[in-house]
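A.B. asks:
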Amino acid sequence: MPATYLYLMNEKIRVRFAPSPTGGLHLGGVRTALYNYLFAKKHGGDFIVRIEDTDQTRFVPGAEQYLFDCLEWCGIKPDESPVHSGDFGPYRQSERKSTYRTYAEQLIENEFAYYAFDTPEELEKMRTQLKTPENPSPQYDRMVRMQMKNSLTLSPGEVKSLLANGTPHVTRIKMPADEKISFTDLIHGEVSFDSGLVDDKVLLKADGMPTYHLAVVVDDHLMKITHAFRGEEWLSSAPVHVMLWKYLFGIENMPQWAHLPLILGPSGKLSKRDGATYGFPVFAMNWTDPKTNELVEGFKEKGFLPEAFINLLAVLGWNDGSEQEIFSMHELVEKFSIERVHKGGAKFDFEKAKWYNHEWIKKMPASGISTLVKKLFELKGVSVKDPSYFNTVLELVKDRCTLIPDFYEQAIYFFKEPLVYDEVSIKPKWDEAKKDYFESLAAILGQEDNFNVENIELLFKTLATEKNIKPGELQMILRVMLVGSKIGPAAFAIANTIGKAETISRIEKATIRFESF
Ligand code: GLU
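So in the working numbering, spot 83 of the sequence shown is number 87, and the numbers just go up one at a time.
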């Protein structure tokens with residue numbers, strides 16, 4: 005039986021998504037949140053959102069609210085968070101500052117950590133002096149620490165007085181010289197590191213704030229986190245976390261980790277430029293891109309449905325072993341398993357992302373998308389008065405729409421008569437016989453009391469036979485008369501939907517215009 009399941013039997017599953025409120029939430033971040041959420045919900049556990057805001061220099065006002073808005077849009081509902089509350093708060097690390105100091109002090113007492121008083125200049129000097137072609141960026145590690153100004157090299161008296169004088173200092177972990185650090189990752193299997201190659205990371209900064217390394221371990225412990233799924237970029241920090249677990253809480257209590265594969269662009273790593281091309285973050289924040297001064301568009305603004313977005317994210321690095329591609333959140337909760345997350349990076353393909361959206365638009369009933377499309381129409385100055393008419397229109401055109409904004413072009417002619425016509429298509433087909441045909445058609449339709457798709461089609465075809473004209477050419481012309489262009493569902497369905505008077509009026513107006521082509 006895989007390790008996860010043994011664990012599940014004993015304890016309530018508790019997972020966390022731990023974003024730093026430093027800017028937009030991107031694909032990788034939401035996918036991490038989603039995998040944590042799916043795993044928790046599948047096993048009847050809790051999904052916690054913890055705000056990791058200890059790096060005050062990177063703090064962006066509004067970013068926390070934005071994170072919660074994004075999660076809500078995606079349908080990822082936290083059980084506990086700074087805004088949803090819970091029994092393990094506070095859920096913002098900046099509000100837990102005093103807790104971390106206690107643990108940092110415990111580490112120092114047990115000689116697993118030390119105070120370092122080096123000034124920025126002294127650190128810079130060390131880096132310049134030790135820099136070699138083989139070691140271009142020397143680290144503060146076991147090779148270096150004994151040459152620096154810290155509580156390992158200074159006498160206890162000196163340390164005491166420096167502390168008493170309020171000399172700026174940090175607390176660093178003392179990485180063991182020669183220890184194999186290993187753990188079992190739920191995706192990567194057994195992972196090991198040589199402790200001698202890991203630097204003495206800062207745990208508590210000069211301002212008394214913890215670094216991510218200390219805070220993440222302390223909080224995962226205090227919040228009783230059982231499983232921690234995070235991006236692969238954190239794998240290199242894992243040895244520091246393993247050692248902190250060992251020193252503070254016992255390695256056997258450590259959450260089970262899974263480091264999720266990176267999301268790659270078509271050409272490899274997903275670059276910032278790919279970001280602009282693919283329209284992530286999830287949705288726009290109120291900021292403008294400093295380079296272009298434009299508002300950054302996200303998936304939401306591009307017209308993705310949240311259902312499609314979480315579907316495409318879920319399968320970006322995971323599958324259920326079948327050919328199935330379309331999953332609802334409900335099915336994902338049922339089918340998700342962390343063991344089936346791929347080891348290798350997942351390639352993000354924007355065209356495929358659009359395919360998912362198209363599939364979801366097709367799958368949704370009109371009522372599920374009408375609010376979004378209504379908003380689009382209203383933004384363009386078209387007011388939607390009759391909801392039942394609107395839904396009929398959406399049903400007719402939704403299979404032709406990939407992104408929500410496509411609905412405008414695909415449906416506007418149901419609300420406004422065309423002002424321009426596809427002249428290039430009409431000109432070679434228009435002649436006296438056609439003019440005569442459409443004048444007669446308008447008259448015949450005017451007599452018809454039962455204006456429905458079948459009758460319109462019958463009258464249209466009977467007249468074509470009578471006048472000896474191929475119905476195919478006529479249908480194209482009718483479509484352009486009603487729509488302005490060659491897009492849209494069957495012309496008879498369009499006529500039926502806009503109604504008799506409007507159909508006749510459009511045929512008559514177009515007939516006059518086509519004469520001038
Ligand atoms: N605060 C980290 C981040 O922003 C979280 C890493 C973790 O989940 O351990 O990605």
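Glycine residues also receive a C-beta, built at the ideal position from the N, C-alpha and C atoms.
Predicted, not measured: the structure shown is a model, and the values here were computed from it.
Considering just the uninterrupted stretch of the beta strand (DSSP E) at H192, what are its terminal residues?
C.D. replies: Per DSSP, H192 lies in no beta strand (DSSP E) segment and is marked neither H nor E.
A.B. asks: If you measure from the CB of A22, is any heavy atom of the ligand GLU nearer than 7 Å?
C.D. replies: Because some heavy atom of the ligand GLU lies under 7 Å away, the Cβ of A22 counts as near it: yes.
A.B. asks: Given 7 Å as the limit, tell me if V220 has its C-beta closer than that to any heavy atom belonging to the ligand GLU.
C.D. replies: Between the ligand GLU and the CB of V220, the shortest heavy atom gap is smaller than 7 Å.
A.B. asks: Taking the continuous alpha helix (DSSP H) assigned at Y41, which residues delimit it?
C.D. replies: Run containing Y41: L31 to K46, per the alpha helix (DSSP H) assignment.
A.B. asks: Between the Cα of A44 and those of K339, E413, L127 and L383, spot the shortest distance and give me the residue it belongs to.
C.D. replies: K339
A.B. asks: Which residues bound the alpha helix (DSSP H) around Y104?
C.D. replies: Its alpha helix (DSSP H) spans residues K101 to E113.
A.B. asks: Using the C-alpha atoms, what's the distance from A242 back to L166?
C.D. replies: 32 Å
A.B. asks: Using a Cβ-Cβ cut-off of 6 Å (strictly less than) and excluding sequence neighbours within five positions of V388, which residues of its own chain qualify?
C.D. replies: Only K378, F381 and F394 meet the Cβ criterion.
A.B. asks: Mapping the DSSP letters down to three states, classify E338 as helix, strand or coil.
C.D. replies: helix
A.B. asks: Which partner residues does W77 have in the DSSP bridge list?
C.D. replies: Paired residue(s): none; W77 is not in a bridge.
A.B. asks: Under 8 Å, do N114 and Y251 count as touching if we go by C-beta distance?
C.D. replies: Yes, they are a contact pair.
A.B. asks: Considering only DSSP beta bridges, list what W261 is partnered with.
C.D. replies: A232
A.B. asks: Less than 8 Å between the CB atoms is what I'm expecting for T36 and R234, so what's the real figure, rounded?
C.D. replies: 6 Å
A.B. asks: Can the beta-carbon of I52 be found closer than 8 Å to that of R96?
C.D. replies: no
A.B. asks: Work out the CA separation of R149 and T123 for me, nearest whole Å.
C.D. replies: C-alpha separation (whole angstroms): 14 Å.
A.B. asks: Indicate whether V457 and A497 have their beta-carbon atoms separated by less than 8 Å.
C.D. replies: yes
A.B. asks: CB of Y3 to nearest heavy atom of the ligand GLU: below 7 Å?
C.D. replies: The chain is shown from 5 up to 521; residue 3 falls before or after that span and cannot be answered.
A.B. asks: So does W249 have its beta carbon nearer than 7 Å to some heavy atom of the ligand GLU?
C.D. replies: no
A.B. asks: Report yes if the C-beta of G235 is less than 7 Å from at least one heavy atom of the ligand GLU; otherwise report no.
C.D. replies: yes
A.B. asks: Looking at A232 and the ligand GLU, is the gap between the Cβ and the nearest heavy atom below 7 Å?
C.D. replies: yes
A.B. asks: Using DSSP's beta-bridge definition, name the partner residues of R176.
C.D. replies: Per DSSP, Y118 and V206.
A.B. asks: Have a look at D453 and A505 and give me their C-alpha separation to the nearest angstrom.
C.D. replies: 11 Å
A.B. asks: Excluding the five sequence neighbours on either side, which residues of its own chain have a C-beta within less than 6 Å of the C-beta of P475, listed in chain order?
C.D. replies: If you ignore the 5 residues before and after P475, its C-beta comes within less than 6 Å of the C-beta of K465 and A468, all in its own chain and listed in chain order.
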